[in-house]
Every structure is written in C-alpha cells, then in structure tokens.
Amino acid sequence: MKSILITFDQAYYERIIALLDRMNCRGFTYLDRVQGRGSKTGEPHYGSHAWPSMCSAIITVVEDTKVDPLLDTLHKMDLETEQLGLRAFVWGIERTI
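Counting in full-length UniProt numbering, the sequence shown runs from 1 upward without gaps.
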C-alpha cells in the first residue's frame, strides 16, 4: 500500500474528491487550510493580504495499482491550470491498524 499526500489550491477541492470517488479511493484525511509555496513555480498560498489564496491537502492510502493512474490524472489537472498549484507525494506504508 502507498500513501499519497496531495496539496492543492482550494479551487481544486471538488475535482479531487470526484477523482477519488471515481477511482474508488474511499478513505482519506482532508486538511482544509494549509499554507505554503511551491519549490519551483507558482504563487505562495499564505492566506494573507499580499498572498490571499489558500491551499488544502488530502492524505489517502491506496493499493499500489491505483498510484500511477491517480498521479497521472492529478498531473493532467495541474497542467491545465498550473498557476493554481497542485502537487502529490507518494511513500510506502509498512503497517496499518
């Protein structure tokens, strides 16, 4: 199993939830307001007067076979609207209860 951390501009929320539903990725944790900035491009997301946009994040644990299709679709979404900001990070899950 793999864990995927998806960080995204709040404008992506409905699309990402719909994607998880379509891919039958039922379990996830949603973090409504997170702040940050990309390492290469994009606007900072600080929720401040100067940088008013905010990010959210979702952490989901999925079967290994779902990782590539999920990342491919997220990457396509990011390419369509690069200025919004969307990133995904994957790591292995050793144990769960």
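C-beta: ideal position from N, C-alpha, C; glycine also.
Close beta carbons around Thr29, own chain, < 6 Å, minus the five adjacent residues each side | For the purposes of this step, residue 29 is identified with residue 29 of the sequence shown, where counting begins at 1. Contacts found: Ile59.
Per DSSP, what kind of secondary structure is Leu86 in: helix, strand or coil?
-> Here residue 86 is taken as the residue at index 86 of the sequence shown, counted from 1. In the three-state reduction of the DSSP assignment, Leu86 falls in the strand class, which pools E and B.
Tell me whether the beta-carbon of Asp9 lies closer than 8 Å to the beta-carbon of Leu84.
-> By one-based count along the sequence shown, residue 9 stands at place 9. By one-based count along the sequence shown, residue 84 stands at place 84. Leu84 sits close to Asp9, with the two beta carbons spaced by under 8 Å.
For Leu31, the nearest candidate out of Trp51, Leu5, Pro44 (CA to CA) = On the sequence shown, residue 31 is found 31 positions in, with the first residue counted as 1. Leu31 has its Cα closest to that of Leu5, out of Trp51, Leu5, Pro44.
Where are the beta strand (DSSP E) runs, 3 residues long or more, that stay fully inside the region 3 to 89, in chain order?
-> Here the runs fully enclosed are 28 to 34, 55 to 62.
Assigned exposure category for Thr41 - 16 Cβ within 10 Å defines buried = Locating residue 41 in the sequence shown gives position 41, where the first residue counts as 1. A residue is called buried once 16 or more other Cβ atoms fall within 10 Å of its Cβ, and Thr41, having fewer, is exposed.
State the CB to CB distance for the pair Gly38 and Val61, rounded to an integer number of angstroms; the pair is presumed to be in contact (CB under 8 Å).
-> Against the sequence shown, residue 38 aligns to sequence position 38. Against the sequence shown, residue 61 aligns to sequence position 61. Actually they do not touch by this definition, with Cβ atoms about 24 Å apart.
Leu86 and Tyr13 look like a contact to me (Cβ under 8 Å); what is the Cβ gap, rounded to whole Å?
-> As a working note, residue 86 is residue 86 in the sequence shown. As a working note, residue 13 is residue 13 in the sequence shown. The C-beta distance from Leu86 to Tyr13 rounds to 11 Å, too long to meet the 8 Å contact threshold.
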